[in-house]
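Beneath this line is the structure, given in structure tokens, with notes to follow.
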Amino acid sequence: MSVTQTDMFEHVLNDPLLGTSIYANITLAGLSLLFFAYMARNVTDPRAQLIVISAMIVSAVSIVSYTGLASGLTISTLEMPEGHQMAGETTELAHSGEEVDGTISLWGRYLTWTFSTPFILLALGLLAGSNMTKIFTAVFFDMGIMLTGLGAALTTSSHLMRWFWYGVSWTFFVVVLYILLVEWPKDAEAAGTEEIFNLVRNLTVVLWLGYAVWWAIGNEGLALIADPGITSWGYSAFDIVAKYVFSFLVINWTIKNVDKVSSGELYGSTARTVPDDD
Ligand code: RET
Numbered sequence: 039m040s041v042t043q044t045d046m047f048e049h050v051l052n053d054p055l056l057g058t059s060i061y062a063n064i065t066l067a068g069l070s071l072l073f074f075a076y077m078a079r080n081v082t083d084p085r086a087q088l089i090v091i092s093a094m095i096v097s098a099v100s101i102v103s104y105t106g107l108a109s110g111l112t113i114s115t116l117e118m119p120e121g122h123q124m125a126g127e128t129t130e131l132a133h134s135g136e137e138v139d140g141t142i143s144l145w146g147r148y149l150t151w152t153f154s155t156p157f158i159l160l161a162l163g164l165l166a167g168s169n170m171t172k173i174f175t176a177v178f179f180d181m182g183i184m185l186t187g188l189g190a191a192l193t194t195s196s197h198l199m200r201w202f203w204y205g206v207s208w209t210f211f212v213v214v215l216y217i218l219l220v221e222w223p224k225d226a227e228a229a230g231t232e233e234i235f236n237l238v239r240n241l242t243v244v245l246w247l248g249y250a251v252w253w254a255i256g257n258e259g260l261a262l263i264a265d266p267g268i269t270s271w272g273y274s275a276f277d278i279v280a281k282y283v284f285s286f287l288v289i290n291w292t293i294k295n296v297d298k299v300s301s302g303e304l305y306g307s308t309a310r311t312v313p314d315d316d
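Following my numbering, the numbering of the sequence shown begins with 39 at its first residue and continues without gaps.
Take a look at the structure:
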């Protein structure tokens, strides 16, 4: 039997674990957006506004992401290749009790992380007073992490190729980690924002490592956690902290320290320095 989009929609609706992992985040993202808009209502400095907007975009993309999952649009049952722990597995549809081939993949997550996570990095880079080159590099490699992660999730031709994609994704991740752990701390120190930067940077690094490990042990990886509902709740829990708690910390600090971010040089390149008049 082939699985339709309606099947996936109904399955999410009738599987309490999987369903709540999705609906809870739509609710939280919506409430966060309203709350952040209220918090930042008096911010007029454009650079502080850019930090606030970046953080808010993360929640906005999250609503899109989870709506894709809730509607069944970005969920599929995938038949894993030979060698994979879930090869030959079937899934019982929650609404009909019917057994269908394959395991459930919430691949829409990886697709939409491509559009949400760059704004986490933009907020971090702006807080650190980074120049444009480092922000651009972090954003590009970050998008690479997510798109190759999508490749890993959707590849059904070969077990090895799934892990090859995973490895490629990690090489992109190493570049982002380097910027977060080596480059931006220096910038943040120079900008005098190291306290908040280090706090939200630590939160980001720990959680992002969590996502990468979770993929490896979840139903799409080694399937040490074979239940798609539990796998999904893991990401959903990470999302709550990596998106809404992160954004709250960033926005709350920014509205109280507008002076510290407004003077920063976003572009920071030598092209903008005015030559001495002699
Ligand atoms: C994947 C699998 C392939 C290897 C690596 C991964 C890393 C994912 C990360 C995700 C962060 C997501 C966030 C989402 C919030 O909107 C794609 C799981 C390295 C770091 C912060």
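From the three backbone atoms N, C-alpha and C, an ideal C-beta is built for every residue, glycine too.
- Taking the Cβ atom as the reference point for each residue, do THR112 and GLY106 lie within a distance shorter than 7 Å? It is a contact, given that the beta carbons lie within the stated cut-off.
- Expressed to the nearest angstrom, what Euclidean distance is found between the alpha-carbon atoms of THR129 and VAL50? 13 Å
- Query: So, is GLY259 buried or exposed, given that buried needs 16 or more other C-beta atoms within 10 angstroms?
  - Reply: buried
- Item | Cβ-heavy atom distance, PHE179 to ligand 1, below 6 Å | It does not: the Cβ of PHE179 is nowhere closer than 6 Å to a heavy atom of ligand 1.
- Task: Consult DSSP for ASP139 and reduce its assignment to one of helix, strand or coil.
- Result: strand
- Query: Going by alpha carbons, who is nearest to PHE157 out of PHE179, LEU144, ASN52?
  - Reply: PHE179
- With 16 other Cβ atoms within 10 Å as the buried cut-off, status of MET94: Its Cβ being crowded by 16 or more others within 10 Å, MET94 is buried.
- Query: Counting pairs of Cβ atoms below 8 Å between the stretch 61-75 and the stretch 132-150, do you hit three or more?
  - Reply: no
- Task: Check LEU116 in the structure and name its three-state DSSP category.
- Result: Residue state, collapsed to three classes: strand.
- Query: Closest by CA to THR155, which one among PHE174, MET170, GLU137?
  - Reply: PHE174
- Message: Taking 6 Å as the cut-off, is the beta-carbon of ILE278 closer than that to any non-hydrogen atom of ligand 1?
- Response: no
- Item | Cutoff 6 Å; reference ARG310; Cβ partners in own chain excluding five residues on either side | Low confidence applies to ARG310: its pLDDT is 42, below 50, so where it sits in the model is not reliable, and the reading given next is rough at best. The answer is none, since no qualifying residue turns up.
- Starting from TYR129, follow its DSSP beta bridges and name the residues at the other end. Residue 129 is actually Thr in this sequence, not Tyr. Beta-bridge pairing links THR129 to VAL138.
- Same chain, Cβ closer than 7 Å to GLU163, five either side skipped, listed in chain order: Note that residue 163 is Gly in the sequence shown, not Glu. Cβ neighbours of GLY163 beyond the five flanking positions: LYS172, ILE173, ALA176, TRP222.
- Would you grab the beta carbon distance between TRP246 and SER59 for me? Rounded to a whole angstrom, and I think it's under 8 Å. 19 Å between Cβ atoms; not a contact.
- Query: Which parts of the stretch 215-280 are runs of the alpha helix (DSSP H), unbroken and 4 residues or longer, counting only runs that do not cross its ends?
  - Reply: Counting whole runs of 4 or more residues, the stretch 215-280 contains the alpha helix (DSSP H) stretches 222-229, 232-255, 266-277.
- Message: Out of GLY110, GLY140, LEU55, THR42, which one is the CA nearest neighbour of THR194?
- Response: GLY140
- Return yes when the C-beta of TRP253 is under 6 Å from any heavy atom of ligand 1, and no when it is not. yes
- Item | Sequence-distant residues of the same chain with beta carbon closer than 8 Å to VAL243, five excluded per side | LEU215, LEU218, LEU219
- heavy atom of ligand 1 below 6 Å from THR269 C-beta: no
- Message: Contact between the stretch 252-266 and the stretch 278-294 is defined here as three or more beta-carbon pairs at a separation below 8 Å; is this criterion met?
- Response: no
- Can you name the start and end residues of the alpha helix (DSSP H) that TRP145 belongs to? Premise fails: TRP145 is in no alpha helix (DSSP H) and is neither H nor E.
- Message: Nearest by alpha-carbon distance to PHE211: which of GLY230, SER40, THR152 is it?
- Response: THR152
- Task: Tell me where the alpha helix (DSSP H) around VAL50 begins and ends.
- Result: Taken as a continuous stretch (DSSP letters only), the alpha helix (DSSP H) holding VAL50 covers 43-52.
- Query: Is the beta carbon of TYR204 within less than 6 Å of some heavy atom of ligand 1?
  - Reply: yes
- Query: Taking contact to mean at least 3 C-beta pairs separated by less than 8 Å, is the stretch 225-244 in contact with the stretch 79-95?
  - Reply: no
- Is any heavy atom in ligand 1 found nearer than 6 Å to the beta carbon of PHE211? Within the cutoff, so yes.
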